[in-house]
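Visitor:
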Amino acid sequence: MRLYEVTVTTAADGSATAYAPSSGRARGLLESIQYEKVDFADGVDFTITDEETGESLWTDTNINASEIVRPRAPTHDQGGVAKLYASGGTAVGERIGIVSRIKIAIAQGGNVKSGTFRFIVS
Numbered sequence: 001m002r003l004y005e006v007t008v009t010t011a012a013d014g015s016a017t018a019y020a021p022s023s024g025r026a027r028g029l030l031e032s033i034q035y036e037k038v039d040f041a042d043g044v045d046f047t048i049t050d051e052e053t054g055e056s057l058w059t060d061t062n063i064n065a066s067e068i069v070r071p072r073a074p075t076h077d078q079g080g081v082a083k084l085y086a087s088g089g090t091a092v093g094e095r096i097g098i099v100s101r102i103k104i105a106i107a108q109g110g111n112v113k114s115g116t117f118r119f120i121v122s
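Here this note's numbering is used: the first residue of the sequence shown is 1, the next is one more, and so on.
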């Protein structure tokens, strides 16, 4: 497993963009994202994506506390049909493959405030 950690600091308007890793690429399956609130304003919004593909890894709004998530993507068969649990069906999720940097976009974070993101990749 590899850990990619980045502390993001906002501009005066409360926005910021950062990348993990800061150079090179993250490679593997995304196991979890850990957000540690340092002093971002309450109500911070963030969008975390694969920089190259734009695939959403985690989007959340109005966050007031630290969080840990384990994002999963829905899976499909070879015909593009969604795989479902049982007949009524909840989507089958799988870890998300990463082969580029992870992009973190912050909004409403407050004037020169920060938070830390940790990405666990296997």
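Built from N, CA and C at the ideal position, the CB exists for glycine as well.
#1: Under a Cβ-count criterion, where at least 16 other Cβ atoms within 10 Å of its own Cβ denotes burial, should Lys83 be classed as buried or exposed?
#2: Tell me, which residues are paired with Val8 by DSSP?
#3: Keeping to the same chain, check which residues put their C-beta closer than 8 Å to that of Thr49; ignore five residues upstream and five downstream.
#4: Pairing CB atoms from the segment 17-27 with CB atoms from the segment 88-95, are three or more of them under 8 Å?
#5: Short of 7 Å in beta carbon distance, which residues of its chain neighbour His76, apart from the five on each side in sequence? Order them along the chain.
#6: Do Thr90 and the ligand SAH come close, with the Cβ less than 7 Å from some heavy atom?
#7: Alpha carbon to alpha carbon, how far is Gly80 from Gly109?
#8: Taking Ser66 as the reference, give the member of Gly14, Thr53 and Asp42 with the closest Cα.
#9: Counting only runs that start and end within the segment 22-75, where is the beta strand (DSSP E) found for 3 or more residues in a row?
#10: Who pairs with Ala18 in a beta bridge, going by DSSP?
#11: Can you name the start and end residues of the beta strand (DSSP E) that Gly97 belongs to?
#12: Write down the C-beta distance between Val8 and Gly115 rounded to the nearest angstrom, noting that I regard them as a contact closer than 8 Å.
Guide: With the given structure in hand:
#1: exposed
#2: Gly115
#3: Glu55, Ser56, Leu57, Ile102, Lys103 and Ala105
#4: no
#5: Ala82 and Lys83
#6: What this structure holds is no ligand at all, so the ligand SAH is not there to describe.
#7: 39 Å
#8: Asp42
#9: 28-37, 44-50, 56-63 and 67-69
#10: Ile104
#11: Ile96 to Ile98
#12: 6 Å
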